[in-house]
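**Q**
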Amino acid sequence: MILEVEGLNKSIGGKRILKDISFQMEQGDCLAIIGPSGAGKTTLLRCINNLEKCDSGTIKIDGSYLCKDNNGKSLYASSREMAAIRRKIGLVFQNYNLFPHMSVLENIIEAPIHVLGIPAKEAKDRALELLKLMGLEDKANYYPFQLSGGQKQRVAIARAWALNPKILCLDEPTSALDPELRGEVASIIEGLVEKEMNILIITHDMAFAQRVANKIIFMEDGQIKEAASKEEFFNSYQNSRIKRFVSL
Amino acid sequence: MFTYTLTLLPSMMKGLLTTLGVFFITLILSIPLGIIVSLGRLSKFKLLSKMVEFYIWVMRGTPLMLQIVFIFFGLPIVGITFDRFTAVIIAFVLNYAAYFGEIFRGGIESIDRGQYEAAKVLGLTPYKTFRRIILPQVFKMVIPSVGNEVITLVKDTSLTYIVGIGELLRAGRIASNRDVSLIPLALVGIIYLFLTAIVTGVFNKVEERYSYYE
Ligand SMILES: Nc1ncnc2c1ncn2[C@@H]1O[C@H](COP(=O)(O)OP(=O)(O)OP(=O)(O)O)[C@@H](O)[C@H]1O
Ligand SMILES: [Mg+2]
Chain A
4 MILEVEGLNK
14 SIGGKRILKD
24 ISFQMEQGDC
34 LAIIGPSGAG
44 KTTLLRCINN
54 LEKCDSGTIK
64 IDGSYLCKDN
74 NGKSLYASSR
84 EMAAIRRKIG
94 LVFQNYNLFP
104 HMSVLENIIE
114 APIHVLGIPA
124 KEAKDRALEL
134 LKLMGLEDKA
144 NYYPFQLSGG
154 QKQRVAIARA
164 WALNPKILCL
174 DEPTSALDPE
184 LRGEVASIIE
194 GLVEKEMNIL
204 IITHDMAFAQ
214 RVANKIIFME
224 DGQIKEAASK
234 EEFFNSYQNS
244 RIKRFVSL
Chain B
10 MFTYTLTLLP
20 SMMKGLLTTL
30 GVFFITLILS
40 IPLGIIVSLG
50 RLSKFKLLSK
60 MVEFYIWVMR
70 GTPLMLQIVF
80 IFFGLPIVGI
90 TFDRFTAVII
100 AFVLNYAAYF
110 GEIFRGGIES
120 IDRGQYEAAK
130 VLGLTPYKTF
140 RRIILPQVFK
150 MVIPSVGNEV
160 ITLVKDTSLT
170 YIVGIGELLR
180 AGRIASNRDV
190 SLIPLALVGI
200 IYLFLTAIVT
210 GVFNKVEERY
220 SYYE
């Protein structure tokens with residue numbers, strides 16, 4: 004298993020946001036999490052990326068425990084272990100969070116150089132390669148404010164990818180894009196899946212999920228209501244709530 | 010009158026050098042200290058944050074003139090003595106670090122939380138995050154306020170007059186008394202105008218250099 008989440012609970016300000024979340028990702032999976040607004044999807048992704056601490060439950064990433072449940076309380080890895088676990092997982096934010104004072108190229112090479120310690124020349128070559136895959140080779144010296152939403156999205160993907168994580172998480176990668184660009188992002192993610200990147204993706208976009216994912220999780224009200232392979236999921240909506248959501 | 014003005018120049022230039030000395034030393038010391046002050050003010054350690062808040066409150070709530078007098082004339086009473094120049098520099102640096110600290114704090118607080126989160130997700134250490142991601146953006150943001158503060162500093166250097174250092178204002182005053190003439194004081198005014206114009210120009214250039222992104 005590349006990702007195992009077991010019995011995750013999280014409250015914010017006394018309100019239960021995540022309720023006993025358990026699921027797994029296998030090597031080669033592209034897992035899509037869908038569900039209505041406020042279901043807790045982003046919060047779950049933030050917990051997995053250690054931007055939010057969960058109250059109880061276990062998160063295991065590629066064999067290492069980010070946190071481990073101990074009598075109903077999550078115990079987190081030490082900060083040294085955390086740095087190693089950190090490298091196994093990458094996150095593309097919904098609003099990208101590119102560094103505005105750095106060019107596209109500088110955004111991508113920042114972490115390879117200053118976290119992994121890769122020589123600048125090597126990091127640059129690799130970044131240019133990634134930009135080419137993203138169809139952005141001519142934008143290397145642009146600044147984020149000079150890019151469209153779709154281009155920023157791809158830079159954010161390249162920035163996360165440059166660290167070669169085991170799992171790449173994306174929060175609603177298509178929500179800010181027009182239909183044409185959605186297709187482009189879908190192709191890029193399909194390309195990543197082909198390269199054996201494990202993808203965890205949040206989306207509202209059924210067509211998109213249907214195209215790229217092989218497994219689907221439906222979340223509502225902080226709980227997982229359905230978890231199935233794509234085929235199962237789209238072929239049999241026993242759950243009428245899901246049916247209504249899917250047909251939206 | 011022109012030749013008279015020329016005869017004033019040597020003493021004026023000497024005064025100007027002292028003024029510039031106070032100006033640059035204060036600037037070079039108080040800006041880094043200001044960054045540290047802002048971090049102390051924003052610290053999670055309540056005690057540290059409160060202490061820094063108190064320091065800023067005192068520095069900004071009392072006249073710089075009083076602070077200079079306190080350090081140079083007051084502290085010797087309890088046995089702490091500094092020479093004139095050192096006393097002035099201590100007062101200026103402590104005072105300006107407080108102002109710069111508040112400016113930097115405002116800048117740091119206005120940086121989007123997403124920038125910290127992006128840095129964290131990429132694995133940057135807190136130090137590198139601050140140094141490479143946050144601080145450069147803060148600098149751009151605070152340029153106008155820092156520029157105003159630096160112009161104030163140019164003019165505030167004249168406060169050193171009180172301890173009897175031979176700076177610009179003193180040079181003008183001495184010549185004015187000696188020759189019973191307004192010209193030396195007018196000349197001092199003109200030199201200050203020049204200095205503030207240069208500072209304004211420099212900050213406009215810096216602002217331009219940082220305008221490569223939005
Ligand atoms: N920092 C916070 N403080 C208080 N409540 C929060 C916080 N973050 C999230 N919540 C609440 O948690 C619930 C789940 O939020 P979350 O952002 O995870 O939903 P989501 O499924 O990603 O929704 P969307 O599809 O709109 O992005 C919401 O009710 C939200 O109001
Ligand atoms: Mg969300």
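Protein chains in written order, with this note's numbering: chain A, 4 to 251; chain B, 10 to 223.
Even for Gly, the Cβ is constructed at its ideal location relative to N, Cα and C.
(1) Using C-beta distances below 8 Å, list every residue in its chain close to S106 (chain A), excluding the 5 sequence neighbours before and after it, in chain order.
(2) Under the criterion of a Cβ to heavy atom distance below 8 Å, does T138 (chain B) qualify as lining ligand 1?
(3) Indicate whether M200 (chain A) and L166 (chain A) have their beta-carbon atoms separated by less than 9 Å.
(4) What does A86 (chain A) reach in chain B if we use C-beta pairs closer than 8 Å?
(5) Whose Cβ in chain A lies nearer than 7 Å to the Cβ of I142 (chain B)?
(6) Which residue comes first and which comes last in the alpha helix (DSSP H) that contains Y221 (chain B)?
(7) Between G181 (chain B) and M21 (chain B), is the Cβ-Cβ spacing less than 9 Å?
(8) In angstroms, rounded to a whole number, what distance separates the CA positions of I157 (chain B) and Y201 (chain B)?
(9) Using only the heavy atoms of ligand 2, determine whether one of them is closer than 8 Å to the beta carbon of T209 (chain B).
(10) Starting from P153 (chain B), find everything on chain A with Cβ-Cβ shorter than 9 Å and list it in chain order.
(11) Return the CA-CA distance between V67 (chain B) and L18 (chain B), expressed in angstroms with no decimal places.
(12) Output needed in chain order: residues of the stretch 119-153 of chain A with a Cβ under 9 Å from some Cβ in chain B.
(13) Return helix, strand or coil for S59 (chain A), following the three-state DSSP convention.
(14) Is it right to say K44 (chain A) is buried, meaning 16 or more other beta carbons lie within 10 angstroms of its own, or is it exposed?
(15) At what residue ranges does the stretch 59-144 of chain B contain a whole run of the alpha helix (DSSP H), taking only runs of 4 or more?
(16) Nearest to G49 (chain B) by alpha carbon, out of B:F82, B:V31 and B:I117?
(17) What are the uninterrupted segments assigned as alpha helix (DSSP H) that are 4 or more residues long and contained completely in the stretch 83-126 of chain A, given in chain order?
(18) Do we get a CB-CB distance below 9 Å when we pair G93 (chain A) with the residues of chain B?
(19) Using a threshold of 9 Å, state whether the C-beta atoms of I171 (chain B) and M74 (chain B) are closer than that.
(20) Just the Cα atoms here: how many angstroms apart are E193 (chain A) and Q97 (chain A)?
(21) Pull out every residue of the stretch 63-89 of chain A whose Cβ sits closer than 9 Å to any Cβ of chain B, in chain order.
(22) Would L11 (chain A) count as contacting chain B if we go by Cβ distances under 9 Å?
(23) Is L166 (chain A) close to chain B, meaning its C-beta is less than 9 Å from at least one C-beta of that chain?
(24) Consult DSSP for Y170 (chain B) and reduce its assignment to one of helix, strand or coil.
(25) Apart from the five residues on each side of it in sequence, which residues of its chain come closer than 6 Å, Cβ to Cβ, to S67 (chain A)?
(26) Would you kindly check if the distance between the Cβ of E126 (chain B) and the Cβ of N100 (chain A) is under 9 Å?
(27) Using a Cβ distance threshold of 8 Å, determine whether the stretch 176-193 of chain A contacts the stretch 57-71 of chain A, with at least three qualifying pairs required.
(28) How about V118 (chain A) and A159 (chain A): are their beta carbons less than 9 Å apart?
(29) Leaving out the 5 sequence neighbours to the left and right, which residues in its chain are closer than 8 Å to E62 (chain B) when beta-carbon positions are compared?
(30) So E29 (chain A) packs on G60 (chain A), CB below 8 Å; how close in whole Å?
(31) Along the stretch 96-128 of chain B, what residues have a CB closer than 7 Å to any CB found in chain A?
(32) What residues sit near ligand 2, counting only those whose C-beta is closer than 7 Å to one of its heavy atoms, in chain order?
(33) Below 8 Å on the Cβ atoms is my contact criterion, and I expect M137 (chain A) with I191 (chain A) to pass it. Report the Cβ-Cβ distance as a whole number of Å.
(34) Do N53 (chain A) and L69 (chain A) have their beta-carbon atoms positioned less than 9 Å apart in this structure?
(35) For N186 (chain B) and G198 (chain B), what's the separation of their Cα atoms in angstroms?
**A** On the basis of the coordinates in this document:
(1) For S106 (chain A), where only same-chain residues beyond five positions count, the Cβ hits under 8 Å are A143, N144, Y145 and Y146.
(2) Checking every heavy atom of ligand 1 against the Cβ of T138 (chain B), none is found closer than 8 Å.
(3) In this structure, L166 (chain A) does not lie closer than 9 Å to M200 (chain A) by Cβ.
(4) Chain B residues near A86 (chain A): G132.
(5) Taking a Cβ-Cβ threshold of 7 Å, the residues of chain A close to I142 (chain B) are F102, in chain order.
(6) Counting along the chain, Y221 (chain B) falls outside any alpha helix (DSSP H), and DSSP gives it neither H nor E.
(7) Closer than 9 Å, so yes.
(8) The identity of residue 157 (chain B) in the sequence shown is Asn, whereas the question assumes Ile. Going by the C-alpha atoms only, they are around 15 Å apart.
(9) No, since every heavy atom of ligand 2 falls outside the 8 Å radius drawn around the Cβ of T209 (chain B).
(10) Result: empty, since nearest Cβ-Cβ is about 17 Å, beyond 9 Å.
(11) Going from the Cα of V67 (chain B) to the Cα of L18 (chain B) covers about 39 Å.
(12) Result list: L119, Y146, P147, F148 and Q149.
(13) Three-state result, S59 (chain A): strand.
(14) With 16 or more other Cβ atoms from the protein chains shown falling within 10 Å of its own Cβ, K44 (chain A) counts as buried.
(15) List check, alpha helix (DSSP H) in window: 73-78, 93-118 and 122-131.
(16) With distances taken between Cα atoms, G49 (chain B) lies closest to B:I117.
(17) Runs of the alpha helix (DSSP H) inside the stretch 83-126 of chain A: 107-117.
(18) So yes, G93 (chain A) belongs to the interface.
(19) Cβ distance < 9 Å, so I171 (chain B) and M74 (chain B) count as in contact.
(20) If you take the alpha carbons of E193 (chain A) and Q97 (chain A), they lie about 19 Å apart.
(21) Only those residues of the stretch 63-89 of chain A whose C-beta falls short of 9 Å from the nearest C-beta of chain B are listed: A86 and R89.
(22) It does not: the Cβ of L11 (chain A) has no partner Cβ on chain B nearer than 9 Å.
(23) With 9 Å as the cut-off, L166 (chain A) counts as an interface residue toward chain B.
(24) Y170 (chain B) falls in the helix class under three-state DSSP.
(25) Excluding residues within five positions, the ones whose Cβ falls inside 6 Å are I88.
(26) Cβ distance < 9 Å, so N100 (chain A) and E126 (chain B) count as in contact.
(27) Not touching, per the Cβ criterion.
(28) No; because the gap between Cβ atoms is not below 9 Å, this pair is not in contact.
(29) Cβ-Cβ distances below 8 Å link E62 (chain B) to R50 in the same chain, with the five nearest sequence neighbours on each side left out; the list follows chain order.
(30) The pair is not a contact, with the Cβ atoms about 20 Å apart (cut-off 8 Å).
(31) So the close ones are G123, Q124, E126 and A127.
(32) Per the Cβ criterion, the list is A:K44, A:T45, A:Q97, A:D174, A:E175 and A:I205.
(33) Indeed they touch by this definition, with Cβ atoms about 7 Å apart.
(34) Taking a C-beta distance under 9 Å as the contact criterion, L69 (chain A) and N53 (chain A) qualify as a contact pair.
(35) Distance from the CA atom of N186 (chain B) to the CA atom of G198 (chain B), rounded to whole angstroms, is 16 Å.
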